[in-house]
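Chains A and B supply the protein sequences, listed in that same order. Final position of the first sequence in numbering that gives the first Met the number 0 is 130; the numbers increase by one with none missing. Final position of the second sequence in numbering that gives the first Met the number 0 is 547; the numbers increase by one with none missing. Here a beta-carbon is modelled for each residue, glycine too, at the ideal position from N, C-alpha and C. On a predicted model such as this, the values are computed, not experimentally measured, just so you know.
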Amino acid sequence: MTFDRVWPRAALFALSMLAACGPVRAGGVGFGDEINSPGDEGPAYFGFVREVGGPGIADAKVTATLKGGGALVTRTDIMGVYKLPGLGLDINPNDVTISCAKDGYAEATVERRPPGDAKDPIETECYLQKK
Amino acid sequence: MTRTIIAAAIVLLWAGMGADPCGAQTLAGSVSSAEEGAMEGVLVSAQRAGSPITVTVVSDERGRFRFPDGRLPSGDYALRIRAIGYELDSPRSIELGANLGAAPAEIAVRLRKSADLAAELTNTEWFMSMPGTAEQKRPLIECMSCHSFERIVRSTYNAEAFFPVLKRMAQYANNSIAERVQSRRAEREVNDDFVRKLAGYLASVNLSKGPVWDYELQTLPRPRGRATRVVITEYGLPRQTIAPHDVRTDAAGKVWYSDFVENVLGELDPKTGALREYAVPLLKPDFPTGALDLEADAGGNLWLAMMFQTGLARFDMAAKTFRIFPIDGMPNDDAMQQSMVAPGASNIDGKVWTNDVARQSIMRLDLETGRYERIDPFKLLPKGHVHAPYGMATDAANNLYFMDFGDENIGRIDAKTGATTIYPTPTPKSRPRRTMLDGQGRLWFTEFAANKLAMFDTSEEKFTEWPAPAPHTYPYDVFADRNGELWSGGMASDRVLRFEPASGRSVEYLLPRPTNIRRVFVDNSTNPVTFWAGNNHGAEILRVEPLD
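Structure (structure tokens):
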């Protein structure tokens, strides 16, 4: 299933969920409020941050920047792997840019692999060059 | 829209409460029991007749204790102790003379095994004792906001009877305590399946099946070593419906507190014990009253987020009057609720940050126009997730850092552009709660549901987490003192945690009574530093003075 076919359905689903739930939750966090509605997430983002021609880089900063404002930031683990949770279904993954940074390095290239399906996690490899 | 409201100030001077500046004969002695002989880690408390002030010290490894000179004015004192599994046998009172130069009054405190161990358990110890999975126990971290677990485990409801009780309680406002329950005006959605599961679990750990619990009661050890080197002072407040939430000292050494239930701001003089209360104007008479977040602006004036009364209140410390900033610029409906306020850098751009709990959003007040704007910091995240902007801190440019108490994120909002950056914590479902930003750009905060203390380095954009030393303590707040040590407390363990992040060394000071701690504060002007907090369910202010 292609992204173009899935995206309008996903957007319609998101809108219907919003209409059903209403915009207001009356008051804070209480028991049961940790339950999240399933199936309302867009694809997650994951990948490696690597040195060009070298190993993965631990503790590198990875930023998912949304076109028009807003960002989600995480760091790579000891293997250089990162994972960012899925964003809202109303966020077009094509509007999300992955970048990476680490002291002593400059960003070289970012390679985004096209997902097989719109629900599949989006893999993006980020390569850093030692300064 | 702005208006100035003159606050009604109520002055309460407790009879006989003033400290005796000359001091008197002090009190010292030993603690023992038939079972253990000399006992370390027993809290010995002395309260003078007619005074709301109680002073507590802890017995050392030889079972010896001594109150500091000058802390106990002459008079008749009631004595009490805290040592899990024991109760006071004798003596129950002592008379101290006025002769400052006299040798300390020496008493031999005898303890006997207590008849009802369950009555002495903290919430942490109930968590440890109750059978069940972590998933089954997790919802109980919400219960502590209003009452202790003893109320649950001593109940005799079966699952069917528990269901309507839980449904009813879900409609209570956060600012409810056993002495005063307040109902929400806007109905709160509750997941019935979840409530049924919870009701079933609670009915499996209470007394619905018989007169005694079918599991062993687990207890934490008594204080030892460094944990005994402390002096604790309790300042009892005159009504049980006073629920001190946030506590802080001012430059003059006065102690200020927000009241989570009554619509007042409190001022305590710890030297004389004098208490003044300033009535916060009532904006919505039929709505729950009380506030929690109490913060200072750059000029030293105090701010309150007015919860279900809505809007913000600024208290002029010189004039002792409130200026109210009611909701303006958006509908002020029954669900509107401001729990947090961040005025610390409002002198930079004339803006004060707050939140709208019901809509999971950030709000910002323009001091010049009196109008609020709304910012949705979670607009890029999935809509079905529960978020709750909670603890707040601002940097020198009035950029906002906030805790997502409903989920697992720290957020930053740029003061100039409004752009939001979300930082998920390394531990999932951590539920970050209260926070402070130190002078080095380090955001210290608690991961309430993860039982961790944490730090977010705002320049490196990097987290560090430390598990709390004891299980099930669920820290509510943390304060980094001038020495780089962390101080924390919460609603579960009746203990104050002192933690060195560099070494991992820690000490926990047991408190004299069941104590529900929210915001914590450290006065860095004393040597050693002094810890302050309120007992939210116990109508008292606490001062903890470490001796090292």
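Sequence-distant residues of the same chain with beta carbon closer than 7 Å to residue i, five excluded per side
| i | result |
| --- | --- |
| Gly560 of chain B | No information on residue 560 of chain B is available, as it lies outside the stretch 0 to 547 that chain B covers here. |
| Ser207 of chain B | Thr155, Tyr156, Asn157 |
| Lys118 of chain A | Pro42 |
| Leu197 of chain B | Pro138, Leu165 |
| Phe162 of chain B | Val194, Arg195, Ala198 |
| Asn300 of chain B | Arg313, Phe314, Asp315, Met316 |
| Asp493 of chain B | Thr121, Leu509, Leu510, Pro513, Thr514 |
Extent of the continuous alpha helix (DSSP H) run through residue i
| i | result |
| --- | --- |
| Cys142 of chain B | 139–142 |
| Gln135 of chain B | 133–136 |
| Ile151 of chain B | 149–152 |
| Glu276 of chain B | Unbroken run through Glu276 of chain B is the beta strand (DSSP E), 274–278; no alpha helix (DSSP H). |
| Tyr200 of chain B | 191–204 |
| Met168 of chain B | 158–168 |
| Asp348 of chain B | 345–348 |
Beta-carbon proximity list for residue i, same chain, < 6 Å, skipping 5 on both sides
| i | result |
| --- | --- |
| Gly405 of chain B | Val385, His386, Ala387 |
| Gln46 of chain B | Thr53, Ala77 |
| Thr420 of chain B | Arg411 |
| Leu71 of chain A | Ala63, Leu83 |
| Asp296 of chain B | Pro342, Ser345 |
| Arg2 of chain B | With a pLDDT of 40 at Arg2 of chain B, under the threshold of 50, the modelled position of this residue cannot be trusted; read the value that follows with caution. Here the set comprises nothing. |
| Ile528 of chain B | A small fix is needed here, since residue 528 of chain B is Val in this sequence, not Ile. Result list for Val528 of chain B: Asp480, Val521, in chain order. |
Span separating the alpha-carbon of residue i from that of residue j
| i | j | result |
| --- | --- | --- |
| Thr96 of chain A | Ile412 of chain B | 19 Å |
| Asn93 of chain A | Pro84 of chain A | 16 Å |
| Leu26 of chain B | Glu60 of chain B | 18 Å |
| Phe286 of chain B | Arg187 of chain B | 15 Å |
| Leu311 of chain B | Val340 of chain B | 8 Å |
| Met127 of chain B | His471 of chain B | 7 Å |
| Trp255 of chain B | Pro269 of chain B | 10 Å |
| Asp375 of chain B | Ile361 of chain B | 6 Å |
| Asn354 of chain B | Asn346 of chain B | 19 Å |
| Thr309 of chain B | Gln337 of chain B | 6 Å |
| Ala101 of chain B | Asp68 of chain B | 11 Å |
| Thr426 of chain B | Ala133 of chain B | 16 Å |
| Asn220 of chain B | Thr368 of chain B | In the sequence as displayed, the identity of residue 220 of chain B is Pro instead of Asn. Distance between the alpha carbons of Pro220 of chain B and Thr368 of chain B is about 56 Å. |
| Ala48 of chain B | Leu71 of chain B | 12 Å |
| Ala19 of chain A | Gly383 of chain B | With a pLDDT of 31 at Ala19 of chain A, under the threshold of 50, the modelled position of that residue is not reliable, and the figure given next carries that caveat. The straight-line gap from Cα to Cα measures roughly 11 Å. |
| Thr75 of chain A | Lys378 of chain B | 24 Å |
| Glu499 of chain B | Lys283 of chain B | 45 Å |
| Arg225 of chain B | Asp547 of chain B | 8 Å |
| Leu14 of chain A | Gly67 of chain A | Interpretation of Leu14 of chain A is limited by its pLDDT of 35, a score under 50 that renders its predicted location unreliable; no figure is taken from the coordinates. |
| Ile56 of chain A | Thr320 of chain B | 56 Å |
| Glu40 of chain A | Ala118 of chain B | 46 Å |
| Tyr81 of chain A | Tyr389 of chain B | 27 Å |
| Leu281 of chain B | Asn262 of chain B | 7 Å |
| Asp292 of chain B | Val61 of chain A | 33 Å |
Element boundaries [beta strand (DSSP E), containing residue i]
| i | result |
| --- | --- |
| Leu485 of chain B | 485–489 |
| Gly67 of chain A | Counting along the chain, Gly67 of chain A falls outside any beta strand (DSSP E), and DSSP gives it neither H nor E. |
| Leu291 of chain B | Unbroken run through Leu291 of chain B: none, as it is neither H nor E. |
| Thr123 of chain B | Unbroken run through Thr123 of chain B is the alpha helix (DSSP H), 122–128; no beta strand (DSSP E). |
| Val260 of chain B | First-last for Val260 of chain B: undefined, no H or E at that position. |
| Pro388 of chain B | 388–393 |
| Glu50 of chain A | 44–50 |
| Ser29 of chain B | 26–32 |
| Arg542 of chain B | 539–545 |
| Lys112 of chain B | 104–112 |
| Met435 of chain B | 431–436 |
| Val80 of chain A | 80–83 |
Chain-ordered chain A contacts of residue i [CB-CB under 7 Å]
| i | result |
| --- | --- |
| Glu460 of chain B | Lys60, Val72 |
| Thr420 of chain B | Ala70, Val72 |
| Lys136 of chain B | None at all; the shortest Cβ gap to chain A is about 12 Å. |
Beta-carbon neighbours of residue i, restricted to chain A and to distances below 9 Å
| i | result |
| --- | --- |
| Ile412 of chain B | Within 9 Å Cβ-Cβ: nothing; Ile412 of chain B doesn't reach chain A, min ~10 Å. |
| Pro579 of chain B | A question about residue 579 of chain B goes unanswered here, because the residues of chain B that appear run from 0 up to 547. |
Cut-off 8 Å between Cβ atoms - residues of its own chain near residue i, not counting five sequence neighbours on either side
| i | result |
| --- | --- |
| Pro511 of chain B | Leu42, Ser44, Thr53, Thr55, Arg79, Arg81, Ile231, Glu233 |
| Leu550 of chain B | In the structure as shown, chain B starts at 0 and stops at 547, and residue 550 of chain B therefore has no counterpart that could be examined. |
| Ala448 of chain B | Arg137, Ile140, Lys428, Ser429, Arg430, Tyr473 |
Proximal chain B residues relative to residue i, where beta-carbon distance stays under 9 Å
| i | result |
| --- | --- |
| Asp39 of chain A | Pro381, Lys382, Gly383, His384 |
Chain-ordered neighbours of residue i on chain B, where CB pairs are closer than 7 Å
| i | result |
| --- | --- |
| Ile97 of chain A | The premise fails here: Ile97 of chain A is roughly 14 Å from chain B at the closest Cβ pair, so nothing lies under 7 Å. |
| Leu65 of chain A | Leu379 |
Contact set between residue i and chain B, taken where Cβ atoms lie within less than 8 Å
| i | result |
| --- | --- |
| Gly87 of chain A | Lys378, Leu379, Leu380, Pro381, Lys382 |
| Ile90 of chain A | Leu379 |
Closer than 8 Å to chain E by CB, residue i
| i | result |
| --- | --- |
| Pro103 of chain B | No chain E is part of this structure, whose protein chains are labelled A and B. |
#### Entry: At least three beta-carbon pairs within less than 8 Å, the segment 64–84 of chain B to the segment 92–101 of chain B
yes
### Task
Kindly confirm or deny that the segment 457–464 of chain B and the segment 482–489 of chain B touch, where touching means at least three C-beta pairs closer than 8 Å.
no
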